[in-house]
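Numbering of the sequence shown is given in this note's numbering, commencing with residue 94 and proceeding in unit increments. Note that the Cβ used here is the ideal one computed from N, Cα and C, for glycine as well. Structure first, commentary second.
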Amino acid sequence: MNTQTKNCLQPETFYPLSLSLKGQEVIVFGGDLTVAAELLRLLEVGAIVTVVSSAFVSEIQELHVTYGARLELVRVSEVKYLEKCQDLARFSLVFALSANQLANERAAAIASSSRVPFYLVASAGCTFVPVTMFKRGHIKISVSSDGVCPPLETALMQRIEEVLVNDFDRYSVFLDSVREQLSSESEAQSSGEILQIWSEVNTSEALASALSRNNFEEALSIIHQLHKRSSLNEEAN
């Protein structure tokens, strides 16, 4: 068994993290449907993406029509691109998703020497792994197997969706209402006041209880009262 095969059987244990990529440059190697799905996720969160491949599926070309200002398609083989590439330091993330595994390994090596986080498909040497995700607005549920078995992630996510599908839209609408309420009521407040309100909202047992019962009207009322009480306390001081 070679080293690469052994690495596939000895995966890393990754830390779950939500990362802001708005305005950040990302490079992706590959042009198939898997790449198209990852591109959509990257573009939806505001990343500026360069994709390198000798050919692109129609789904990627359609994304280019929609997100042209933030999506550059470089139509050249990944190997040729990497032969002329000194480093990848200007990118925040590197996705090595090419059908050419040698190109993937070369991209990963350059990313590593450039100290840029990279995902290398079918390898435990990568520094991050994408997760399987289901989302509505700002509500996201993700499943990860640390890259060991993505089909299991998909199966688990399908089961989660089946259980929550009828409630997910309500959760999303509630969160939008919370953001709108806190934003509108905090316009005239200092950063210290906003931080205090945020802390009280997120540690409120009453709010947690209301949400556990799916009583969103009560939950919004509690948030409003916490906000009002915090404002009165600030005025008294």
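Item to check | Residue ranges of each alpha helix (DSSP H) within the stretch 268-320, 4 or longer | outcome: 284-295, 298-305
Next on the checklist: Measuring alpha carbon to alpha carbon, tell me which residue in Leu110, Ala130, Ala140 is nearest Val344.
Outcome noted: No statement about residue 344 is possible, as the shown extent of the chain runs from 94 to 330 and does not include it.
Next on the checklist: Quick check: the Cα distance between Leu275 and His320, rounded to an integer number of angstroms?
Outcome noted: 8 Å
Next on the checklist: Please classify Thr96 as buried or exposed, where buried requires at least 16 neighbouring CB atoms within 10 angstroms.
Outcome noted: Caution is warranted here: a pLDDT of 46 is assigned to Thr96, below 50, making its placement in the model unreliable, and no coordinate value can be reported.
Item to check | Proximity winner among Phe267, Ile287, Glu255, Ser277, relative to Ala312 (alpha-carbon distances) | outcome: Phe267
Checklist entry - Looking at Asp125 and Val142, is the spacing between their C-beta atoms short of 8 Å? => result no
Checklist entry - Looking only at DSSP bridge pairs, what is Tyr212 linked to? => result Phe188
Checklist entry - Roughly how many angstroms separate the alpha carbons of Cys219 and Ala204, rounded to a whole number? => result 10 Å
Checklist entry - Should Tyr108 go down as buried or exposed, given a rule of 16 or more other Cβ atoms within 10 Å for buried? => result exposed
Next on the checklist: So, for Leu249: in the same chain, excluding its five sequence neighbours on each side, which residues have a beta-carbon less than 7 Å away from its beta-carbon?
Outcome noted: Val236
Checklist entry - When you compare only the Cα positions, how much space is there between Leu213 and Asn308? => result 44 Å
Checklist entry - Just the Cα atoms here: how many angstroms apart are Ser292 and Leu164? => result 38 Å
Next on the checklist: For the beta strand (DSSP E) containing Lys228, name the first residue and the last one.
Outcome noted: For Lys228, the uninterrupted beta strand (DSSP E) segment begins and ends at 225-229.
Next on the checklist: Between which two residues does the alpha helix (DSSP H) holding Leu132 run?
Outcome noted: From DSSP, the alpha helix (DSSP H) with Leu132 extends over 126-137.
Next on the checklist: Taking 7 Å as the limit between beta carbons, can you name the residues of its chain near Asp175, skipping five residues before and five after?
Outcome noted: As written in the sequence, residue 175 is Leu, which differs from the Asp given in the question. Counting only Cβ-Cβ distances below 7 Å, and skipping sequence neighbours, we find Ala196, Arg199, Ala200, Ile203.
Checklist entry - Which class does Glu198 belong to by DSSP, given the choice of helix, strand or coil? => result helix
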